[in-house]
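Visitor: 1 is the number of the first residue of the sequence shown in UniProt numbering; add one for each residue after it.
All C-beta atoms, glycine included, are put in the ideal place defined by N, C-alpha and C.
If you scroll down you'll find the structure; I have some questions about it.
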Amino acid sequence: MTPNLELTDIAFRRHQQVILDSVNFAVSPNQIVALLGANGAGKTTLLRIIAGVIPDFTGTVHVSEQTDPIAIKAAISTNFDHDLRHSHQRLLKYAQATRVLWPHFDLAQFETICEFFELSTAKHLDELSKGQRKQAQLALCLANRVPLYLLDEPFDGLDLMHQTQLQKGLLQFLPENASVLLTDHHVESIANLIDRVMILHHHTIQADTSADQIREQRGQSISEYFQSFYQKED
Numbered sequence: 001m002t003p004n005l006e007l008t009d010i011a012f013r014r015h016q017q018v019i020l021d022s023v024n025f026a027v028s029p030n031q032i033v034a035l036l037g038a039n040g041a042g043k044t045t046l047l048r049i050i051a052g053v054i055p056d057f058t059g060t061v062h063v064s065e066q067t068d069p070i071a072i073k074a075a076i077s078t079n080f081d082h083d084l085r086h087s088h089q090r091l092l093k094y095a096q097a098t099r100v101l102w103p104h105f106d107l108a109q110f111e112t113i114c115e116f117f118e119l120s121t122a123k124h125l126d127e128l129s130k131g132q133r134k135q136a137q138l139a140l141c142l143a144n145r146v147p148l149y150l151l152d153e154p155f156d157g158l159d160l161m162h163q164t165q166l167q168k169g170l171l172q173f174l175p176e177n178a179s180v181l182l183t184d185h186h187v188e189s190i191a192n193l194i195d196r197v198m199i200l201h202h203h204t205i206q207a208d209t210s211a212d213q214i215r216e217q218r219g220q221s222i223s224e225y226f227q228s229f230y231q232k233e234d
């Protein structure tokens, strides 16, 4: 099956400093993949390169076999497209405006996801709590019915109840054959959600393995595996 995402020899420098170098991997349909790494490892930078936010990189990004930047943007949905903190607009009005920008945005699906989260679309954006803002961001992201979803710390700062609710929503409303690439600092909180773990370290992917293999063959939790990887250098 053709990957929903394939990266070949991705490299990026900022002010002559190497941020990413020789990044190569593919993500198959129906996979939820965690991109893990220390603070400053380049995880968010890599997501933004894939999304087309950072254009001055070398290498190739394929999304559903597309390489054209406009086609790639149309095939990707991200939670970081939606900064909802500084607007008094109502959530439904924001979603209606989003529909104009994203050709695959399904407004009815957005309203269904908000109902699942018990989130009123009549709320003003600047009135949303942090948990509600995360719900709204994920609802907007998932209502855009595309092959690839990029989620940068979608559960950050949430209590266990809200994390669990968002993860259930992600699994329930993710389109068939879609893929997710996500980052999260709280490794164990996503352990039951993910199919695969990649570790970004020293500018490139240093480890890439299935979550089941970590648990069953290594006898480790995802968090223990992540920590042991860094302990090798101590």
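For the beta strand (DSSP E) holding residue 206, just list the boundary residues, first then last.
Guide: That run of the beta strand (DSSP E) goes 204-210.
Visitor: Taking 8 Å as the limit between beta carbons, can you name the residues of its chain near residue 228, skipping five residues before and five after?
Guide: So the list reads 220, once near-sequence residues are dropped.
Visitor: Taking C-alpha atoms, which residue in 35, 171, 145 and 108 lies nearest to residue 211?
Guide: Closest by alpha carbon: 35.
Visitor: Between residue 84 and residue 126, what straight-line distance do the alpha-carbon atoms span, to the nearest angstrom?
Guide: Using only the alpha carbons, I get a separation of about 7 Å.
Visitor: In chain order, what residues of the same chain lie with their CB nearer than 8 Å to the CB of residue 33, ignoring the 5 residues before and after it?
Guide: Same-chain partners within the cutoff: 27, 179, 180, 181, 182, 194, 195, 196, 197 and 198.
Visitor: Can you name the residues that DSSP bridges to residue 235?
Guide: Residue 235 lies beyond the stretch modelled for the chain, which goes from 1 to 234, so this question has no answer here.
Visitor: For residue 6, which residues of its own chain have a beta-carbon under 7 Å away from its beta-carbon, when the five flanking residues on both sides are left out?
Guide: The answer, listed in chain order, is 26 and 62.
Visitor: Of the choices 155, 174, 71 and 12, whose alpha-carbon is the least far from that of residue 132?
Guide: The shortest C-alpha separation from residue 132 is found at 155.
Visitor: Within 10 angstroms of the Cβ of residue 46, are there 16 or more other Cβ atoms? Answer buried if so, exposed if not.
Guide: It is buried - the Cβ of residue 46 has at least 16 other Cβ atoms within 10 Å.
Visitor: Check the C-beta distance from residue 153 over to residue 185 and give it rounded, since I have them as a contact under 8 Å.
Guide: Confirmed, about 7 Å.
Visitor: Would you grab the beta carbon distance between residue 96 and residue 143 for me? Rounded to a whole angstrom, and I think it's under 8 Å.
Guide: No, residue 96 and residue 143 are not in contact; Cβ-Cβ is about 11 Å, not under 8 Å.
Visitor: Expressed to the nearest angstrom, what Euclidean distance is found between the alpha-carbon atoms of residue 165 and residue 117?
Guide: Going by the C-alpha atoms only, they are around 7 Å apart.
Visitor: What are the boundary residues of the alpha helix (DSSP H) that residue 113 is part of?
Guide: It spans 107-116 - the alpha helix (DSSP H) in which residue 113 sits, taken as one unbroken run.
Visitor: Measure the C-alpha to C-alpha separation of residue 234 and residue 201 and round it to an integer number of angstroms.
Guide: For residue 234, the predicted structure reports a pLDDT of 49, less than 50, and the residue's modelled location is therefore unreliable. A value from the coordinates is still provided. Approximately 14 Å between the Cα atoms of the pair.
Visitor: Check whether the Cβ of residue 229 lies closer than 8 Å to any heavy atom of the ligand MG, and answer yes or no.
Guide: Within the structure as shown, the ligand MG is missing, as the structure has no ligands at all.
Visitor: In terms of residues, what are the limits of the alpha helix (DSSP H) holding residue 161?
Guide: 160-173 is the extent of the alpha helix (DSSP H) around residue 161.
Visitor: I'd like the span of the beta strand (DSSP E) that includes residue 34, first residue to last.
Guide: It spans 32-36 - the beta strand (DSSP E) in which residue 34 sits, taken as one unbroken run.
Visitor: Under 9 Å between the Cβ atoms of residue 205 and residue 24?
Guide: Yes, the Cβ-Cβ distance between residue 205 and residue 24 is below 9 Å.
Visitor: Just tell me which of 15, 11, 39 and 16 has its CA closest to the CA of residue 230.
Guide: Minimum Cα distance to residue 230 is reached at 39.
Visitor: Which of helix, strand or coil does DSSP assign to residue 192?
Guide: Residue 192 falls in the coil class under three-state DSSP.
Visitor: Give me, in chain order, the residues of the same chain whose beta-carbon lies closer than 7 Å to that of residue 189; leave out the 5 immediate sequence neighbours on both sides.
Guide: Cβ within range, chain order: 155 and 163.
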